[in-house]
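The sequence shown begins at 10 in this note's numbering and counts up by one.
Here a beta-carbon is modelled for each residue, glycine too, at the ideal position from N, C-alpha and C.
Predicted model, so just to flag it, every value in this text is computed and none were measured.
See structure below.
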Amino acid sequence: MLQMIPDHPDLSLLFYTTISAGLLGFVLAVIRRGREKPWKMVPGWLPIVGHFHYVGGTPMMAQMLEEWAEKHSEDVGCYEIDLMGVKYVVVSREDRAMEVLKQRPHKVQRIPGIREASDSTGATGVFSAEGSLWKEEKKLISAALNRNSINDFLSSMKDNAKRLVQKWNCDIGGHGDNNNSKIQPISLDIGHATADAISKVMLDQDFDFLNNPESKMAHNVFTGFRGWILRTLSPIWYWRIPLIGQDLDGYGKYYRYLNQVFNRAVDDFEKRKKEASNNNDSNSNYNKMFLGKLYQAMEQEKSNLSRQRVVGNIYTAFAAGIDTTSKTLVSTLYALAMDQKVQEELREHVKDFDIDDGSSTLQDLYTWLPMLKSFMHEIHRWYAVPFIMLRVAEEIPFCGSTMLLPGQDVLVLGRYLSVKPDATDVPLGPDNAPPTEFNHQRYLVPLETEDSDCNNDNKDIQKWTCPGPSDKSTGFLNFGHGVRKCPGRVFSEAFSYYVLIAILQNFQFELAPNQPPVKIVFDSVMTPDTQIQLKLTKLSNTTD
10 MLQMIPDHPD LSLLFYTTIS AGLLGFVLAV IRRGREKPWK MVPGWLPIVG
60 HFHYVGGTPM MAQMLEEWAE KHSEDVGCYE IDLMGVKYVV VSREDRAMEV
110 LKQRPHKVQR IPGIREASDS TGATGVFSAE GSLWKEEKKL ISAALNRNSI
160 NDFLSSMKDN AKRLVQKWNC DIGGHGDNNN SKIQPISLDI GHATADAISK
210 VMLDQDFDFL NNPESKMAHN VFTGFRGWIL RTLSPIWYWR IPLIGQDLDG
260 YGKYYRYLNQ VFNRAVDDFE KRKKEASNNN DSNSNYNKMF LGKLYQAMEQ
310 EKSNLSRQRV VGNIYTAFAA GIDTTSKTLV STLYALAMDQ KVQEELREHV
360 KDFDIDDGSS TLQDLYTWLP MLKSFMHEIH RWYAVPFIML RVAEEIPFCG
410 STMLLPGQDV LVLGRYLSVK PDATDVPLGP DNAPPTEFNH QRYLVPLETE
460 DSDCNNDNKD IQKWTCPGPS DKSTGFLNFG HGVRKCPGRV FSEAFSYYVL
510 IAILQNFQFE LAPNQPPVKI VFDSVMTPDT QIQLKLTKLS NTTD
């Protein structure tokens, strides 16, 4: 290299100037590569708050983001906003979304705030894990919650669905007009029934939240989870402050209580497991619960989660499962109350399904009730998680020649991608319904069998199946994308099916006359902003 430097002073100066200019140009090119942005910044930025004053709080955030997508992202499929000093690239077109999502889970990860808030509450599970830790836990949790495992959980799901119906029947009998109908607030009951199903499967314990909503456990579960959501959305990690941080928001005591309950449950499980092993008892039902499936997977994979991670995954199932599943079920019943025609069609569809059949499997439900399955897929598309919050961990190509640099936060508008007019990954269904419409038959396809005429245009006699949407496209992102899809999806869907079957077989329902106005807002998923009240009427062919 030294031999290449000219001896003449003028030539040396030219050499060094050229080299320096080249290096400077390279550095500037690297900087511009990250800074030259073909997308627009939303107008109306203000110091400190950025665009937060337009959002008007979390509930209306999804609506505002989708409105901005219509106005500011048409050319390149994304735009930029600033929320309290944090700049987000908001992705609103399929090709742009895939550029980001295909980099999951290594080069693009969850934003640190979600991981930090989850871990601060004890929910140190697969939801917040990244990297090698996520890879290990995902394999174990997925095995514990796969379809074969879910079949062992169906009995408790059915029992909790029937308990909900029994409570509503009793409420009608005690307070209704002529013991036949009653105005019933449903949101809290649905949340409690969901918590009962999850606690039975996860811990093999029946807290009966539904009939004991004022119990100490119920208070700690539901109040504590509100704190989890609060921390997830907080821009300041105040809980890290030594000594007092965990209690600044008043929620620390709830997490400590739940941590004790969950640890005792794991202790009890491990004791039962050891006793069964010592007694060579292969018929013990300890392995029919989530912990049994998880420990079995750990033994098969020769992988051991720490006690903290085991408890953290239980907490994650409670926090994420109760919140999203119950709110989606409330949205489902609201949608059916608003559309009596679809409600009656689904009631006819499920009327002969025997919920008490102990031999039926999840596959039987999928096979026998394709319209119900299609309807729930459409619910999950329409009332979906509105956006996925991500952070770039390693530089990735994006939007042509631009690069997204490490530390860049990204919002992928999952729901918007599936409901906009030109959504390409959403099936039109037998009614040829555009993505902008809600259609309960959207995911049905003709079933080709020897005794069905697949070319018959009469949908009343056509036989159907429902293969379900792909999790590798942008048309259905409610449970995540690709390898980072939610491992609890099958559990959530199965419980929702049985709750709907039980309700449809026992009640006709409509919105109560005194129901306050309803807005669909962002609250972890898209859901009604107020307690839903239904006028429940017992069907004549049902008994208490």
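Of the residues the options, the one placed nearest residue i, counting alpha carbons only
i    : options                   : result
D258 : E284, D276, F234 and V270 : F234
Q214 : V275, A344, S196 and P251 : V275
L381 : V508, L548 and S164       : V508
V530 : P56, V64 and W54          : V64
P415 : P406, A328 and G423       : P406
L300 : A344, A152 and D538       : A152
N523 : Q514, M535, L513 and Q540 : Q540
I388 : S335, F447 and H358       : F447
L267 : E125, F327 and K302       : F327
L212 : L173, F271 and E75        : F271
L163 : K297, P194 and P47        : K297
V135 : W143, D128 and Y260       : W143
L413 : S501, L92, E108 and Q309  : E108
V421 : Y375, F485 and A442       : F485
I207 : E502, N515 and P525       : E502
L548 : E76, N189 and T536        : N189
DSSP state of residue i mapped onto helix, strand, coil
i    : result
T130 : coil
M69  : helix
Y25  : Only weak support is given to the placement of Y25: the predicted model assigns it a pLDDT of 41, under 50, and the value that follows is read from those uncertain coordinates. The answer is helix: DSSP assigns Y25 an H, G or I state.
D332 : helix
W246 : coil
M535 : strand
V527 : coil
V435 : coil
F327 : helix
K297 : helix
L545 : strand
T337 : helix
F136 : coil
P121 : helix
R520 : The displayed chain sequence assigns Leu, not Arg, to residue 520. In the structure shown, L520 sits in a strand (DSSP, three-state: E or B).
Environment of residue i [buried if 16+ CB atoms lie within 10 Å]
i    : result
V492 : exposed
L149 : buried
N157 : exposed
I253 : exposed
G66  : exposed
H62  : exposed
K350 : exposed
R316 : exposed
N169 : buried
L55  : exposed
K544 : buried
N294 : exposed
I250 : exposed
T133 : buried
E284 : exposed
R240 : buried
S137 : buried
M93  : exposed
D431 : exposed
I57  : exposed
Within 9 Å, strictly: CB atoms of residue i and residue j
i    : j    : result
C179 : C408 : no
L314 : E146 : yes
C475 : S533 : no
K116 : G59  : no
D434 : S479 : yes
M166 : V210 : yes
L338 : T203 : yes
N487 : R356 : no
K171 : I397 : no
Q542 : Q175 : no
L342 : I199 : yes
Y425 : L110 : no
R498 : I120 : no
K46  : E89  : yes
V419 : P436 : no
Q517 : Q255 : no
N229 : Y263 : yes
W237 : Y260 : yes
Min CB distance residue i to chain B below 9 Å
i    : result
V394 : Looking for chain B here will not work: only one protein chain is present.
In the segment 364-433, which residue ranges form an unbroken alpha helix (DSSP H) of at least 4 residues, counting only runs that do not cross its ends? 371-377, 379-391 and 423-428
Beta strand (DSSP E) segments (min. 3 residues) lying fully within the segment 43-113: 87-92 and 95-100
Which residue spans inside the segment 142-194 form an unbroken alpha helix (DSSP H) run of at least 4? 156-184
Would you mind listing the beta strand (DSSP E) stretches within the segment 201-267 that are 3+ residues and don't spill past its ends, in chain order? Contiguous beta strand (DSSP E) elements confined to the segment 201-267 do not occur, taking only those with 3 or more residues.
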